[in-house]
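Asks: Going by mature numbering (1 follows the signal peptide of the UniProt record, and there is no 0), the letters in the sequence shown line up with residues -20 to -1, 1 to 163, in that order.
All C-beta atoms in this analysis are idealised placements derived from N, C-alpha and C, irrespective of residue type, glycine included.
Remember, it's a predicted structure, so these values are computed and weren't measured experimentally.
The following block contains the structure, expressed as structure tokens.
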Amino acid sequence: MKKFVSVFLTAAMAAASLTGCQSGGSSDALTPVTLNEVAHSIFYAPQYAAIELGYFKDEGIDLTLVNGAGADKVMTALISGDADIGFMGSEASIYVYQEGCDDYAVNFAQLTQRAGNFLVGRTAQENFSWQDLKGKKVLGGRAGGRPNHDVTFEHIREIYEWTSRKALELPVFKYEEKIISAS
């Protein structure tokens, strides 16, 4: 009897797994999806390439990409129904949840494997060393970025200090309203 039940359940699960499969006669209608991203970034290049190469259309998705220009605006679009997917950090979701929103966003973690941060300067510098930053002011993020924009740079600095066993005293420049940067 146990063997019969096992075979029956296995066959039932196999049949259930095939219910979504069709042979021939597939629909050519695309499902519209609006993706609102926090900012255009080189780190999303694979996504842009997939759009341009038609990978989303191949999967039956008519993707509309919108630059939300900030996590607050992306979350607003998501909550209002103007976007199906919001591509942003989790902080906006936390704020919305803390405000008691009944229909809060669901977050997916680690869609990217590395942080999208660069250290850039105004002029090219041959043989860069972290010691070159001593006495300099460092802009630790982008305007409109996460609330603790300097945390990323502080983390990078700590990694340098840990791996090199050398401490750097680098002031992290805090934003003012008139300061604007691009990412």
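How is Phe67 classed by DSSP in three states: helix, strand or coil?
Replies: Residue mapping note: residue 67 aligns to position 87 of the sequence shown, counting from 1. Strand, per DSSP.
Asks: By the DSSP assignment, the beta strand (DSSP E) with Ile31 in it spans what residues?
Replies: The count along the sequence shown starts at 1 and reaches residue 31 at position 51. No beta strand (DSSP E) holds Ile31; the alpha helix (DSSP H) holding it covers 25 to 32.
Asks: Does Glu106 pass the burial test, meaning 16 or more other C-beta atoms within 10 Å, or should it be called exposed?
Replies: Numbered from 1 along the sequence shown, position 126 holds the residue referred to as residue 106. Flag for Glu106 reads exposed.
Asks: Go to Thr11, then tell me how far its beta strand (DSSP E) extends in each direction, as first and last residue.
Replies: Position 31 of the sequence shown holds residue 11. Element bounds for Thr11: 11 to 17.
Asks: Apart from the five residues just before and just after Ala63, which ones in its own chain have a Cβ nearer than 8 angstroms to its Cβ?
Replies: As a working note, residue 63 is residue 83 in the sequence shown. Excluding sequence neighbours, Ala63 sits near Thr14, Leu15, Asn16, Val46, Gly48, Val54, Ala57.
Asks: Report yes if the C-beta distance between Ala51 and Glu71 is below 8 angstroms; otherwise report no.
Replies: Locating residue 51 in the sequence shown gives position 71, counting from the first residue. Locating residue 71 in the sequence shown gives position 91, counting from the first residue. Contact flag set, yes.
Asks: What's the call for Phe88, buried or exposed, on a 16-neighbour Cβ count within 10 Å?
Replies: In the sequence shown, the residue the question calls residue 88 occupies position 108. Result: exposed.
Asks: Decide if Tyr24 is buried, meaning its Cβ has at least 16 other Cβ atoms within 10 Å, or exposed.
Replies: Position 44 of the sequence shown, counted from the first residue, corresponds to residue 24. Its Cβ being crowded by 16 or more others within 10 Å, Tyr24 is buried.
Asks: For Ile74 and Phe67, what's the separation of their Cα atoms in angstroms?
Replies: Locating residue 74 in the sequence shown gives position 94, counting from the first residue. Locating residue 67 in the sequence shown gives position 87, counting from the first residue. Using only the alpha carbons, I get a separation of about 14 angstroms.
Asks: Do you know offhand how far Asp83's Cα is from Leu10's?
Replies: The residue given as residue 83 occupies position 103 in the sequence shown. The residue given as residue 10 occupies position 30 in the sequence shown. Whole-angstrom Cα-Cα distance: 27 angstroms.
Asks: Going by DSSP, what residue range makes up the alpha helix (DSSP H) through Ile41?
Replies: Here residue 41 refers to the residue found at position 61 of the sequence shown. Counting along the chain, Ile41 falls outside any alpha helix (DSSP H), though it belongs to the beta strand (DSSP E) covering 41 to 47.
Asks: Just reading off the alpha helix (DSSP H) that Thr56 is part of, what are its end residues?
Replies: As a working mapping, residue 56 is identified with position 76 in the sequence shown. Thr56 -> alpha helix (DSSP H) spans 51 to 60.
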